[in-house]
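Counting in the working numbering, the sequence shown runs from 122 upward without gaps.
For glycine and all other residues, C-beta sits at the position ideal for the given N, C-alpha and C.
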Amino acid sequence: MIMKIGVLALQGDVGEHVSSLNFAIENLGLDAEAIEVRRPGELAQLSALLIPGGESTTIVKQLKRFGLFEPIINMADAEKPIMGTCAGCIVLASKLVDEVGPRKVEPLGLIDITVNRNAYGRQRESFEKPLKIPGFGYPFMGVFIRAPSIVEVGENVEVLATMDKEPVMVRQKNILALTFHPELILDSRVHQYFLKMI
Ligand code: GLN
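This is how it looks when you write it as structure tokens:
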């Protein structure tokens with residue numbers, strides 16, 4: 122049976138991730154396809170789930186509205202790979218800094234990292250920087266857009282890439298989180314890495 126990789130399609134860079142995943146699937150020669158998912162009932166068929174960048178406040182609000190919050194936690198407990206980029210990284214985190222008031226975001230708590238939601242966004246709206254990622258060969262161009270920063274990582278978290286000594290790509294078992302946007306460039310190596318986690 123063809124493997125299905127879900128892209129959470131509530132808000133954000135959905136189409137770009139579907140294309141990047143399909144590009145990575147083709148490069149790896151897998152019998153799989155990327156699909157958009159919006160409802161709890163659609164999660165059971167998935168081999169992995171990707172939470173895109175966008176606006177974490179909106180994504181979490183929609184997760185709750187559609188009853189997806191618990192089902193995604195259950196999916197992680199069942200050891201299915203879950204990847205989050207930018208707002209998706211915020212959504213996966215165990216802790217967020219400076220969250221007060223009505224716009225407070227309650228994250229899923231699936232990876233032991235503390236994230237500052239708009240850390241780079243306050244200094245510079247967006248920028249690009251080549252990143253050295255072990256096993257990737259030549260550098261990967263990191264595209265940062267109103268990016269969060271990972272300010273603390275737990276002892277079971279593996280730091281896969283850093284920028285100016287700060288973690289930008291981290292993994293804890295089946296959970297992969299990155300603060301940049303790998304779906305915006307024609308390079309599927311991060312998506313390939315994720316697919317290899319299945
Ligand atoms: N800082 C944004 C947030 O809080 C994320 C930005 C992005 O995903 N490009 O959701």
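Look up residue i in the DSSP assignment and give the residues it is bridged to.
| i | result |
| --- | --- |
| ALA155 | ILE126 |
| GLY263 | LYS250 |
| GLU287 | MET284 |
| SER141 | Its beta-bridge partners do not exist; DSSP assigns none. |
| GLU273 | THR235 |
How is residue i classed by DSSP in three states: helix, strand or coil?
| i | result |
| --- | --- |
| ARG310 | helix |
| GLU147 | helix |
| ASP233 | strand |
| LYS216 | strand |
| LEU135 | For the sequence presented, residue 135 should be read as Val rather than Leu. Correct three-state label for VAL135: helix. |
| GLU279 | strand |
| ILE319 | coil |
| ALA268 | coil |
Taking 8 angstroms as the cut-off, decide whether the C-beta atoms of residue i and residue j are in contact.
| i | j | result |
| --- | --- | --- |
| HIS138 | PRO173 | yes |
| VAL280 | PRO288 | yes |
| SER309 | PHE187 | no |
| GLU157 | VAL181 | no |
| ALA197 | GLU176 | no |
| ILE126 | LEU167 | yes |
| GLU273 | ILE234 | yes |
| ILE193 | LEU170 | yes |
| LEU142 | ALA155 | yes |
| ILE296 | LEU184 | no |
| CYS210 | ALA298 | yes |
| ALA206 | GLN132 | The residue you asked about is not Ala; residue 206 is Thr in the sequence shown. Cβ distance not < 8 angstroms, so THR206 and GLN132 don't count as in contact. |
| LEU307 | MET284 | no |
- prompt: Are there three or more Cβ pairs, one per stretch, closer than 8 angstroms when the region 146–154 is compared with the region 197–206?
  reply: In this structure the region 146–154 does not touch the region 197–206; the number of beta carbon pairs closer than 8 angstroms is below three.
Answer yes if the region 221–241 comes into contact with the region 255–264, meaning at least three C-beta pairs across the two stretches below 8 angstroms, and no otherwise.
-> Touching, no, given that fewer than three Cβ pairs across the two stretches are closer than 8 angstroms.
(Q) Runs of 3 residues minimum, wholly inside the region 151–208: which ones carry the beta strand (DSSP E) assignment? (A) Contiguous beta strand (DSSP E) elements confined to the region 151–208 occur at 153–158, 167–172 and 203–206, taking only those with 3 or more residues.
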